[in-house]
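Shown next, in structure tokens, is the structure this report addresses.
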Amino acid sequence: MGSNLSIVDFPWKYIHHEGGLRHELYSLRDDPGELTNLVASKDGVRERMLAILSRRISDPGSGSHAPMPEEDIERLRALGYVD
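With this note's numbering applied, the sequence shown covers 3 to 85.
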């Protein structure tokens with residue numbers, strides 16, 4: 003079984019299957035169960051998502067990072083994961 007890569011840029015979720023022979027694109031807002039693959043009807047979105055994914059692969063630190071809420075940090079500290 004090959005590896006897949008995915009990226010979410012709300013409302014879109016893009017899945018790139020190994021070898022690039024199969025792609026999936028879902029609108030998480032309109033289709034949270036990911037039942038309707040929109041890749042054939044949304045070329046512009048697919049290209050944009052593939053470009054974002056390619057950048058992330060070539061420069062893993064290029065994505066945006068949301069700060070972790072202090073409450074979550076405290077939970078991790080209580081479990082011994084954070085000093």
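Just so you know, even glycine gets a beta-carbon here, dropped at the ideal spot from N, CA and C.
In angstroms, rounded to a whole number, what distance separates the CA positions of residue i and residue j?
| i | j | result |
| --- | --- | --- |
| Ser5 | Lys44 | 23 Å |
| Ser8 | Tyr28 | 11 Å |
| Ile17 | Asp61 | 19 Å |
| Leu23 | Pro69 | 36 Å |
| Glu26 | Ile59 | 18 Å |
| Gly46 | Gly35 | 22 Å |
| Ile75 | Asn39 | 37 Å |
Can you list, in chain order, the residues of its chain with a C-beta nearer than 7 Å to that of residue i? Leave out the 5 residues immediately preceding and following it.
| i | result |
| --- | --- |
| Leu78 | Val84 |
For residue i, which residues in the same chain have their Cβ closer than 8 Å to its Cβ, ignoring the five residues on either side in sequence?
| i | result |
| --- | --- |
| Arg31 | Phe12, Pro13 |
Quick one: grab the DSSP three-state call for residue i.
| i | result |
| --- | --- |
| Asp74 | helix |
| Leu7 | strand |
Alpha helix (DSSP H) runs contained entirely in the region 18-47, provided each spans 4 or more residues: The region 18-47 contains no whole alpha helix (DSSP H) run of 4 or more residues.
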